[in-house]
Amino acid sequence: MSLHYSQSNGNPFTQPFLELEGHGKLSITPNLAVINVGIMTENQNVIIASQENAIRSNKVLDVLREFNIPKDDIETISYTIQPLYDFSEGNTLLKGFKVIQLFEVTVKNISLIGKIYDAVVKAGANFTDLLDFRLSNKEYYYQQALQLAIKNAQEKALKIAQGLGVSLNIVPVKITENNRSVIPFQKESFALQSTLNTAIQKRQVEIEAKISAIFHYS
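Here my numbering is used: the first residue of the sequence shown is -5, the next is one more, and so on.
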């Protein structure tokens, strides 16, 4: 908190003023999730490894379509071929190849996440490196958090003005956004295993707004 009195020497604030910070925070239930589903295959022959990966990947895509996930919500974000070496007795021998294809999938019906995981495992997916709950309309909620931050600054200003015994203009003459943040559900990485009835617990998404506000008083 800053308390100022400025003279009319080019400074636009020619009245005494308070400068305060305000903080607003909301916890919102997420309405979509992003998951990364991967298919990894290995074989001594790189062509066979690639073909096996393609077969399993197509089965995974078929399963995702059965859940009515639009094509635009499924994106291949990585496709890699890695050589596998055997290091023994000071020698380096090529023993095969690993092929990894990774899909990023946006799920708008998050109640289906557990069922989707189970289904893609049965179809051939064998690892994932992301589970991230998000908000599709986070800007709307940020504006609400911003209003809470302004209200917070006003409440502080009123208390200070009452303590000083001065009259406060509750309408700020200047508001500056300090930062904004969206704190999502913690991203998790884990191996997909062939177990059914996967339970996925969604958590709240926190949206924060911080401002600096200037109030005149007399």
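From the three backbone atoms N, C-alpha and C, an ideal C-beta is built for every residue, glycine too. As the structure is a prediction and not an experimental result, all values here were calculated from the model.
Within a 10 Å sphere around the beta-carbon of F81 sit fewer than 16 other beta-carbons, which makes this residue exposed. The Cβ neighbour count for R59, taken over all protein chains shown within 10 Å, is under 16; the residue is labelled exposed. When the alpha-carbon of L124 is set against those of E171, L78, N85 and G32, the nearest one is in G32. Look at V99 here: in three-state DSSP terms it is strand. Counted as a single uninterrupted DSSP element, the beta strand (DSSP E) harbouring S82 occupies residues I68 to S82. A27 and S105 have their C-alpha atoms spaced approximately 10 Å apart.
Out of N173, Y136, N30 and A119, the CA that lies nearest to the CA of V101 is found in N30. For the pair A203 and G18, the CB atoms are nearer than the 8 Å cut-off. In this structure the region 88 to 101 touches the region 41 to 55; the number of beta carbon pairs closer than 8 Å is three or more. Note on R197: under 16 other CB atoms within 10 angstroms of its CB, so exposed under the neighbour-count rule. DSSP places I104 in no alpha helix (DSSP H); its state is neither H nor E. Secondary structure note for G16: its beta strand (DSSP E) is the uninterrupted segment F11 to I22.
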